[in-house]
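Right, one structure below, let's go through it.
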Amino acid sequence: MINTKDILETINMIQDENLDIRTVTMGISLLDCASSDIKVSCNRIYDKICRKAEKLVVTAEQIEKEYGIPIINKRISVTPISMICASSGGNPVEYAKTLDNAAKAVGVNFLGGYSALVQKGFAAGDEELIRSIPEALSITERVCSSVNIGSTKAGINMDAVALMGKIIRECAERTKDNGLWGPAKLVVFCNAPDDNPFMAGAFHGAGEPDCVINVGVSGPGVVRSALSKIPDANITEVADMVKKTAFKITRMGQLVATQAAERLGIPFGIVDLSLAPTPAVGDSVAHILEEMGLEQCGACGTTACLALLNDAVKKGGVMASSHVGGLSGAFIPVSEDAGMIDAARSGALKIEKLEAMTAVCSVGLDMIAVPGDTSAEIISGIIADEAAIGMVNSKTTAVRIIPAIGVKDGEEIEFGGLFGSCPIMKVNTYSPEKFINRGGRIPAPLQSLKN
Amino acid sequence: MRAVITVVGKDMVGILAKVSALCSECNVNVIEVSQSILQDMFCMIMLVDMSKINTEFASFSDRLTAEGDRMNLVIHVMHEDVFNTMHHI
Chain A
923 MINTKDILET
933 INMIQDENLD
943 IRTVTMGISL
953 LDCASSDIKV
963 SCNRIYDKIC
973 RKAEKLVVTA
983 EQIEKEYGIP
993 IINKRISVTP
1003 ISMICASSGG
1013 NPVEYAKTLD
1023 NAAKAVGVNF
1033 LGGYSALVQK
1043 GFAAGDEELI
1053 RSIPEALSIT
1063 ERVCSSVNIG
1073 STKAGINMDA
1083 VALMGKIIRE
1093 CAERTKDNGL
1103 WGPAKLVVFC
1113 NAPDDNPFMA
1123 GAFHGAGEPD
1133 CVINVGVSGP
1143 GVVRSALSKI
1153 PDANITEVAD
1163 MVKKTAFKIT
1173 RMGQLVATQA
1183 AERLGIPFGI
1193 VDLSLAPTPA
1203 VGDSVAHILE
1213 EMGLEQCGAC
1223 GTTACLALLN
1233 DAVKKGGVMA
1243 SSHVGGLSGA
1253 FIPVSEDAGM
1263 IDAARSGALK
1273 IEKLEAMTAV
1283 CSVGLDMIAV
1293 PGDTSAEIIS
1303 GIIADEAAIG
1313 MVNSKTTAVR
1323 IIPAIGVKDG
1333 EEIEFGGLFG
1343 SCPIMKVNTY
1353 SPEKFINRGG
1363 RIPAPLQSLK
1373 N
Chain B
967 MRAVITVVGK
977 DMVGILAKVS
987 ALCSECNVNV
997 IEVSQSILQD
1007 MFCMIMLVDM
1017 SKINTEFASF
1027 SDRLTAEGDR
1037 MNLVIHVMHE
1047 DVFNTMHHI
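Chains A and B supply the protein sequences, listed in that same order.
Just so you know, we're using this note's numbering here: the first sequence kicks off at 923 and counts up by one.
Just so you know, we're using this note's numbering here: the second sequence kicks off at 967 and counts up by one.
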C-alpha cells in the first residue's frame, strides 16, 4: 500500500497549502477558419471553438472530482487573430465579439489570442488589430489580448512600442468607469511563447498542432510550507527542497494534463512549470522569498532569492513532465500576490526592483498600477526597458500595466477574485518622449561574446 | 480503478463501520485499511477497488463527504494515481 505519510502529505498540500492546477488551456488553431469574408470567418471560428471545446469544462470538472485536485481555470487560446484578419480584412472587433460569444457558450472564463506578432514590423491586419484592442477589450468580457513587440532574433520594433503606450492608456480610458479591466487583459511581450497556457498572454502559435491541451500548475503555498520546515538550513538545502517540492507539484500537473488529453482525444502539449500566486493567504511567491530570509520582498537580496527559486522550480519540474514549455518559472504579478501587495504598499518593493527581478524570473512587470497621469511615452519607455531585458537574455518578458485613470491619490484598484487589488506604484517621471518617438527598430543583439 | 479514502477527525465509535457500510452499498470493495490515533485525532486510510461501483464516482465521493460533514470528519476520495505519480518515479 502507498505510504501513509505520502498520502497525508498530498492531502495537506491540497487542503491547507492551496495546491491546485491553475489552468487547463485548450489551444485551437483557427487558420482553417480564415475566409475573404469576415462574416464567414466569424461563423467558422464560433463553430470550431464550440465543437472542439464542447466538453472541455465538463471533462476538467470530472478530473477534478476523481483526483480530488482543484482545477481553477478552464481556458482557450487561439491563433493570433491578426493572422485571420489579414485575409478577411474588415473590423477586427467583430472577431472579438465572436470569441467572447464562443467563450461564453463553452463556459470558459477567459479566451486568449486577440493578438498580433509584430516584432519585426506590421503585416496586413496587424496594425488594424492593435488599434482595435481598446474597443475590443472594453466591449467584451472574456477576451484577452497580447502583442509581441520584440524578440532575441528580431530585435525590438520601436514603432510598436510607441503605439502600445498609447493603446494601454486608451484601454484604461475606455474602462475607467468599469474597474479598469481593459489594461488588465492586455499583455505586451518580448519573446512570447507559442504554447503559453496562462492569461492574459495565451495564444496558439502558428507552429502548434490543430488542437492541443496545455496545463499550468501552481503551488507557491506548498513551497513556502516546505521551506518553513527547514528554518536553519543553508541555501544549498533550500534549493534542494524547492526542487523536490516542484517535482511533486509538477507530477500532479502532468497527471491532469495526460488525463485531460486522453479523455478529450486531443494531444497533450506541455506542462508550464509555474509558481502562480493568488491573493489568497498562503499562496504567495513573495512569502517564499521572505521564508528564505528577507524581512520583506523587495529588500536587497530579493533578486538573488528569486533567481534561486526560479531555477530550482525548473530543475525539479523538468524531470516530472514529459514536455515542458510555456512561461515556466515563478510569476510575480503584484496585484495577484498577497506578499507583493504588502511589499508595494509598505514601499519595500519599487518598480525598479521589480524590473531587476524580471531579469531572473518568468514573465515581467505584471499587474502593476501606475499613476493615472503617466504619459503614453513613459509607458512605452517601461515596455522598451522590459523588452530589452528579454531580448538580451533570450527569455520571455512582458508588461501588463494599468494606468490608474480616475483613481484618487492613496486609493487602490480593486479587481477582486484571482486578480486581487493593485496599489499604485510611483514611476520615474523624467520623459523618454524623444527616444520613443524616433521609431524604427532596435537591432537584434549579438548572441556570442557573452561577457 | 482503485482509490484512496482518507478520514481525519476526532475519534468516535462507528467511523470505520459508517465508511465501510457506504462502500458496501455502492459495491466498492475495501482492499486494505490502516488506521492510527494520534492523541485524540483519528486517521484512517482505505485502499478500495471501484471497478464494480454501482453509481457515479462523483456521487459516491459526495455521499462520503456529506457523511464526513455530519460526523465532523474530513473525508477525501482520490484516485490512487494521484499518490503514485506524486511520490513514485
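We put the CB at the ideal spot given by N, CA and C, even for glycine.
Less than 8 Å separating the beta-carbons of residue i and residue j?
i: A:V1193; j: A:V1246; result: yes
i: A:G1215; j: A:A1270; result: no
i: B:T1051; j: A:R1173; result: yes
i: A:S1140; j: A:A1058; result: no
i: A:V1040; j: A:N1079; result: yes
i: A:T1224; j: A:K1275; result: yes
i: B:F1023; j: A:I924; result: no
i: A:E1050; j: A:P1014; result: yes
i: B:R968; j: B:E1033; result: no
i: A:N1232; j: A:A1260; result: no
i: A:A1106; j: A:A1046; result: no
i: B:D1035; j: B:D1006; result: no
i: A:V1069; j: A:S1037; result: yes
i: A:Q1218; j: A:I985; result: no
Can you tell me whether DSSP reads residue i as helix, strand or coil?
i: A:D1331; result: coil
i: B:C1009; result: strand
i: B:K976; result: strand
i: B:I1019; result: coil
i: A:P1293; result: strand
i: A:Q1369; result: coil
i: A:Y1036; result: strand
i: B:H1045; result: strand
i: A:C1133; result: strand
i: A:Q1181; result: helix
i: A:V1285; result: coil
Cβ of residue i less than 8 Å from any chain A Cβ?
i: B:D1047; result: yes
i: B:N1020; result: no
i: B:N1050; result: yes
i: B:M1037; result: no
i: B:V1043; result: yes
i: B:F1026; result: no
i: B:T1031; result: no
i: B:S1017; result: no
i: B:I981; result: no
i: B:V970; result: yes
i: B:S1000; result: yes
i: B:I1011; result: yes
So, is the C-beta of residue i closer than 8 Å to a C-beta in chain B?
i: A:L1177; result: yes
i: A:R1173; result: yes
i: A:E988; result: yes
i: A:D928; result: yes
i: A:I933; result: yes
i: A:K977; result: no
i: A:I1375; result: Lying before the first or after the last residue shown, residue 1375 of chain A is absent from chain A, which here runs from 923 to 1373.
i: A:K1236; result: no
Rounded to the nearest angstrom, what separates residue i and residue j at their Cα positions?
i: A:K974; j: A:P1293; result: 42 Å
i: A:L900; j: A:Y1017; result: What is shown of chain A runs 923 to 1373, which leaves residue 900 of chain A out entirely.
i: A:T1280; j: A:A1229; result: 10 Å
i: A:G1127; j: B:M1010; result: 48 Å
i: A:K1019; j: A:S958; result: 18 Å
i: A:A1124; j: A:I1006; result: 17 Å
i: A:L1371; j: A:I993; result: 45 Å
i: A:A1082; j: A:V1110; result: 10 Å
i: A:I1061; j: A:G1104; result: 9 Å
i: A:Q1176; j: A:A1242; result: 7 Å
i: A:I928; j: A:S1150; result: Inspection of the sequence shows that residue 928 of chain A is occupied by Asp rather than by Ile. Spanning the two alpha carbons is a distance of roughly 18 Å.
i: A:G1328; j: A:I933; result: 45 Å
i: A:M935; j: A:D1307; result: 38 Å
i: A:P1056; j: A:L930; result: 48 Å
i: A:I1335; j: A:G1101; result: 7 Å
i: A:G1338; j: B:V996; result: 44 Å
i: A:I1300; j: A:N1023; result: 35 Å
i: A:D1132; j: A:P1115; result: 17 Å
i: B:D1015; j: B:V994; result: 6 Å
Exposed or buried, what is residue i when buried is set at 16 or more other beta-carbons lying within 10 Å of its beta-carbon?
i: A:N1373; result: exposed
i: A:S1067; result: buried
i: A:G949; result: buried
i: A:T1158; result: exposed
i: A:S1257; result: buried
i: A:S963; result: buried
i: A:C1222; result: exposed
i: A:A1278; result: exposed
Heavy atom of the ligand ZN less than 7 Å from the Cβ of residue i, yes or no?
i: A:A1208; result: Although the ligand ZN was asked about, the structure shown includes no ligands whatsoever.
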